[in-house]
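What follows is a set of notes on a single structure, which appears directly below.
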Amino acid sequence: MLEIKNLHVNVGGREILKGLDLELPKGQVHAIMGPNGSGKSTLAYVLAGKDDYEITAGTVTWNGQDLLALDPSERAAAGVFLAFQYPMEIPGVATITFLRTATNAVRKARGEPELSTPDFLRVLKEKAAELKIDMDMLKRPLNVGFSGGEKKRNEILQMALLDPSLCVLDETDSGLDIDAVRIVAEGVNALRSPERSMLVITHYQRLLDYIVPDRVHVLSDGRVARSGGPELALELERSGYAEFDEAAA
Amino acid sequence: MELPVKQFQTRAEQAYLDLFNAAEQALPGAGNPWVADLRAKAIDAYAALGLPHRRVEAWKYTDLRSRLVEALPLSRATGRPLAPAELERALGGEIAALPAYRLVMLDGELRADLSDISELKAAGIELVSLTEALQKPPSWLKQSLGKINRQDRDPIVALNLALMSGGVGMRAAKGLTLDKPIHLIHLDAGADPVSVFTRNLVLLEEGASLTLLESYGSLGERDVQRNAVTEVQVGDKASLNHFKVQREAEEAFHLGTWLVKLGTDTRYHAFQFSTGAVLSRNQVYAAFAGEGSAFELSGALLMRRHQHCDTTLVIEHLVPRCSSRELFKAVLDNEARGVFQGKIIVSPGAQKTDGKQMVQALLLAEGAEFDSKPELEIFADDVVCGHGSTSGQIDEDLLFYLEARGIPEAEARALLIQAFVGEALEAIEHAELRDALSRASAEWLGVSYD
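Protein chains in written order, with our numbering: chain A, 362 to 610; chain B, 218 to 667.
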């Protein structure tokens, strides 16, 4: 269970999250929606542990463990996974090398045996095939020259390899055409399990047609302004965020 | 206008002259008028120029006169044994084990017992040690030694010619190719502090094709002043892959110069990798003497503590339709300093010249410094020339991305540095050497793979 209580976060001296409360039970998928600037991506980065986000008040615990006390790599080992809105390009690092380094770093930190190269390749081939990722693509430098859809599929591949218990998907649908959204969503759905919680951050309802959430929360001006079932997303699709923008203003 | 340097010589400056005067009669080739003439002219050129200092533009960032406080005695043949483990330690296991025709020079002395001389000769290479050559020079060597490009304008090259006492001369006949690289291994023997003056001459005749690796390492930790020159002449339609790996002890001074002359339709691909020496300077003077040639020189240097590494290139486009490409990457930690000077000269008439240069530095600490000075001197109007230079720190966003995937910070940093260096290593077509240098970079970073 993820518990966020009264979370206040400053970025560059400006308060972005202003007392956010959220509970995400084990095995559930919750969507975070909200207008631009409401603090959605800030929440994602704070959960993953990015520097330059100053937490001025509040707590975040994951299965009772204080998440804010951990380094980003320790959070990954503890089961947190952030699928980036803008995955980084790293020339000079082959995607396969990166995937194997990350997989084994996490396994090592969790006290599991590291995978040998043949074992890792076997697992990788299987998971890549499920996401319709060509192995040749993985020989290229990490995300360099990848299309938007390839980058996002690569994020979901990493998610599958690292076996997280808390997935945070930050605008995973942004910049994707409808076919790409479907492939990515299928990949995410395949990873849904009673042992895994997911926080799906999105501006548009579209993604939630494919990844149907248990709960929807609307963020406005750094707080959860409203929560409800999946029907809340459909309502927002019709009415837009105007009422929340006004609330913020 | 500078004053003649002789008027304010430093102790070291004078000491080199004294060294020459004392050793002249004992140096190889003494009594041979051809050698005596070469040496005499060279020492005169040195005496006129003196040790370079920061007011000499080409040495602006490497003040040799203040750094070289004494001239160490000349090296002598030691005959010391060399255990395989020592060679591995000096060069790194993978470089030491690279399949190649080996020529081992200990303190400048070509060691027949450690080298593949007969194998190399059987493969068709004409080979002679410099000491033999100075006594009984083959005509091809006599025609070229000390004559590849102008050598009297650089005091370090002149001093080398005056004091050269070891090295090899080799010639690949027309159309010759070899099944594996030639590995010139330069080791300092690690006993008393010495200065080592080596000079190699490599001639490729028309259509010949060679891969040449020069490695430099130390068998012990002591003061050594190395001045190493390699003269290279690539004949028409010939091709040379030329590599240098310098990982000498951290007390060493390393002054290395390549003089490269390219004929018509040649291909020259080179890479220089440096992690050693407290002060090093890699000079490359290259000249295009024939049209249609392609020159590519890349490099990586990884320095820490008080190491200083200077790369200085002068590429002269004397004729039309030639291309030159340079890509250098510097990783600098602690108080280390990197220097890059790249001069491209395009002579009047050298139309359709295509010259590009890029140099990038990654600074890992506040105290690290990188100085970059690209210079284009273009006297022709139909050319494409460009240069770029960047210097920066590790990208925090990239670092976070790796950390968010469970890779601990130190390892993530190492991976990013590896990636940065890796972009330069990609220029090496020789896969085994590329892998060996990739691992050498990892080793420098303290990362072990597998």
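Note that the Cβ used here is the ideal one computed from N, Cα and C, for glycine as well.
Sort the options by Cα distance to residue i and report the nearest one.
{"i": "L552(A)", "options": "K366(A), I517(A), V542(A) and L363(A)", "result": "I517(A)"}
{"i": "G440(A)", "options": "T458(A), V372(A) and G410(A)", "result": "G410(A)"}
{"i": "R501(A)", "options": "F488(B), S335(B) and E640(B)", "result": "E640(B)"}
{"i": "A408(B)", "options": "N499(B), L579(B), D235(B) and D324(B)", "result": "D324(B)"}
{"i": "R228(B)", "options": "L650(B), P301(B) and E287(B)", "result": "E287(B)"}
{"i": "S588(A)", "options": "V484(A), D531(A), L378(A) and L385(A)", "result": "L385(A)"}
{"i": "D413(A)", "options": "A627(B), L619(B), D614(B) and V548(B)", "result": "D614(B)"}
{"i": "E511(A)", "options": "D497(A), L523(A) and D524(A)", "result": "D497(A)"}
{"i": "A444(A)", "options": "L642(B), E620(B) and A627(B)", "result": "E620(B)"}
{"i": "V483(B)", "options": "A455(B), P372(B), F505(B) and E467(B)", "result": "The sequence shown places Thr at residue 483(B), rather than the Val named in the question. Nearest option by C-alpha distance: A455(B)."}
{"i": "N377(B)", "options": "P354(B), L268(B) and G309(B)", "result": "L268(B)"}
{"i": "L351(B)", "options": "L420(B), P250(B) and A585(B)", "result": "P250(B)"}
{"i": "K513(A)", "options": "D534(A), A437(A) and D524(A)", "result": "D534(A)"}
{"i": "D405(B)", "options": "T394(B), L308(B) and E423(B)", "result": "L308(B)"}
{"i": "G395(A)", "options": "G590(A), D582(A) and R599(A)", "result": "D582(A)"}
{"i": "K387(A)", "options": "A603(A), V549(A), D575(A) and Y447(A)", "result": "D575(A)"}
Between residue i and residue j, is the Cβ-Cβ spacing less than 8 Å?
{"i": "L662(B)", "j": "I634(B)", "result": "yes"}
{"i": "G296(B)", "j": "L347(B)", "result": "no"}
{"i": "H400(B)", "j": "M322(B)", "result": "no"}
{"i": "R622(B)", "j": "Q519(A)", "result": "yes"}
{"i": "F442(A)", "j": "C528(A)", "result": "yes"}
{"i": "P245(B)", "j": "S382(B)", "result": "yes"}
{"i": "H369(A)", "j": "L378(A)", "result": "yes"}
{"i": "V374(B)", "j": "S292(B)", "result": "no"}
{"i": "L408(A)", "j": "V421(A)", "result": "yes"}
{"i": "G507(B)", "j": "V536(B)", "result": "yes"}
{"i": "M520(B)", "j": "G473(B)", "result": "no"}
{"i": "Q450(B)", "j": "L421(B)", "result": "yes"}
{"i": "P474(A)", "j": "R483(A)", "result": "no"}
Output the boundary residues of the beta strand (DSSP E) element that contains residue i.
{"i": "A504(B)", "result": "L496 to F505"}
{"i": "N377(B)", "result": "Per DSSP, N377(B) belongs to no beta strand (DSSP E); it is in the alpha helix (DSSP H), P372 to L380."}
{"i": "E513(B)", "result": "A511 to M520"}
{"i": "E431(B)", "result": "S426 to S435"}
{"i": "R599(A)", "result": "R599(A) -> not in any beta strand (DSSP E); alpha helix (DSSP H) instead, spanning E592 to S600."}
In the DSSP assignment, find the alpha helix (DSSP H) that holds residue i and state where it starts and stops.
{"i": "R567(A)", "result": "R567 to Y571"}
{"i": "I457(A)", "result": "T456 to A470"}
{"i": "S361(B)", "result": "S356 to S361"}
{"i": "M520(A)", "result": "G509 to L523"}
{"i": "N238(B)", "result": "R228 to A240"}
{"i": "D254(B)", "result": "P250 to L266"}
{"i": "T348(B)", "result": "L347 to Q352"}
{"i": "R436(A)", "result": "P433 to A438"}
Helix, strand or coil: how does DSSP classify residue i here?
{"i": "P479(A)", "result": "helix"}
{"i": "V531(B)", "result": "strand"}
{"i": "N444(B)", "result": "strand"}
{"i": "P591(B)", "result": "strand"}
{"i": "G536(A)", "result": "coil"}
{"i": "L220(B)", "result": "Below a pLDDT of 50, predicted positions are generally treated as unreliable, and L220(B), at 45, falls in that range; the measurement from the model is reported next regardless. Of the three classes helix, strand and coil, the one that applies to L220(B) here is coil, per DSSP."}
{"i": "D598(B)", "result": "coil"}
{"i": "Y318(B)", "result": "strand"}
{"i": "N458(B)", "result": "strand"}
{"i": "T403(A)", "result": "helix"}
{"i": "T415(B)", "result": "strand"}
{"i": "K397(B)", "result": "coil"}
{"i": "F605(A)", "result": "helix"}
{"i": "G410(A)", "result": "coil"}
{"i": "P502(A)", "result": "strand"}
{"i": "S283(B)", "result": "helix"}
{"i": "R584(A)", "result": "strand"}
{"i": "E192(B)", "result": "The requested residue 192(B) does not occur in the structure, where chain B is confined to residues 218 to 667."}
{"i": "F637(B)", "result": "helix"}
{"i": "N550(A)", "result": "helix"}
{"i": "L616(B)", "result": "helix"}
What residues of chain C sit near residue i, judged by a beta carbon separation below 9 Å?
{"i": "F445(A)", "result": "The displayed structure is made up of protein chains A and B, and chain C is not among them."}
Taking 7 Å as the cut-off, is the C-beta of residue i nearer than that to any heavy atom in the ligand NAP?
{"i": "I393(A)", "result": "The ligand content of the structure shown is nil, which means the ligand NAP is not present either."}
For the region 404–416 of chain A, which residues have a beta carbon sitting closer than 9 Å to at least one beta carbon of chain B? Y406, A409, G410, K411, D412 and D413
Which residues, taken in chain order from the region 563–580 of chain A, show a beta carbon closer than 9 Å to some beta carbon of chain B? none
Just by C-beta distance, which residues in the region 616–634 of chain B are closer than 8 Å to chain A? F617, Y618, L619, E620, A621, R622, G623, I624, P625, E626, E628, A629, L632 and L633
Note down, in chain order, all residues in the region 447–473 of chain A with a beta-carbon under 7 Å from any beta-carbon belonging to chain B. M449, I451, P452, G453, V454, T462, A463, A466, V467 and A470
Using Cβ-Cβ distances below 7 Å, what residues of the region 518–540 of chain A are close to chain B? Q519 and L523
Along the region 421–443 of chain A, what residues have a CB closer than 9 Å to any CB found in chain B? D432, P433, S434, E435, R436, A437, A438, V441, F442 and L443
Residues of the region 636–656 of chain B in Cβ contact with chain A at a cutoff of 7 Å, in chain order, please. A636, F637, G639 and E640
Going along the region 601–614 of chain B in order, which residues come within less than 9 Å of chain A, judged by CB to CB distance? D612, E613 and D614
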